[in-house]
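> The structure under discussion is supplied below as structure tokens; questions concerning it will follow.
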Amino acid sequence: MNQYQLIIMADDKQVVLERILQVTRYRGFLINGISAEVNTGTKVATIIMQVSSERPIELLVDQVNKLIDIKSVSVDNSVAFENSATLLKLSTQN
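Here the sequence shown stands for residues 36 to 129, where the numbers follow the working numbering.
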């Protein structure tokens with residue numbers, strides 16, 4: 036199974052994370068980890084999501100980019116993954 040890390044920049048809206056998770060599930064990707072931070076000054080959220088799937092990552096990137104309030108989506112191929120428990124971290128950054 037292929038593993039990827041996505042870096043998503045989005046407007047700080049309540050439903051953005053829910054929409055991203057829904058699209059990820061619909062497109063057949065398993066979420067292995069997620070971290071979200073909000074810059075309260077700019078109201079922009081940075082979401083780092085680790086996913087795995089046999090499907091091409093472009094399928095997920097294209098669909099997430101179509102969501103309202105998404106500013107950018109990029110794939111970070113420089114990250115090595117380990118088999119570990121799912122990490123959910125939510126914090127606010129000034």
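We treat Cβ as the ideally placed atom computed from N, Cα and C, and that holds for glycine.
Suppose contacts are defined by Cβ-Cβ distances below 8 angstroms. Is V73 in contact with V99 by that definition?
For V73 and V99, no; Cβs fall outside 8 angstroms.
> DSSP three-state call for L125: helix, strand or coil?
With a pLDDT of only 49 at L125, under the threshold of 50, the placement of this residue in the model should not be trusted; the figure read from the coordinates follows. Strand, per DSSP.
> How far does the alpha helix (DSSP H) with Q57 in it extend, from its first residue to its last?
Looking at the DSSP string, the run of the alpha helix (DSSP H) that includes Q57 is 51-61.
> Tell me which residues share the same chain as L94 and place their Cβ nearer than 6 angstroms to its Cβ, disregarding the 5 neighbours each side in the sequence.
R62, listed in sequence order.
> Would you please state the rounded distance, in angstroms, between the beta carbons of I82 and L102? I believe it to be under 8 angstroms.
Not confirmed; about 11 angstroms, so no contact.
> Just reading off the alpha helix (DSSP H) that L94 is part of, what are its end residues?
Its alpha helix (DSSP H) spans residues 92-100.
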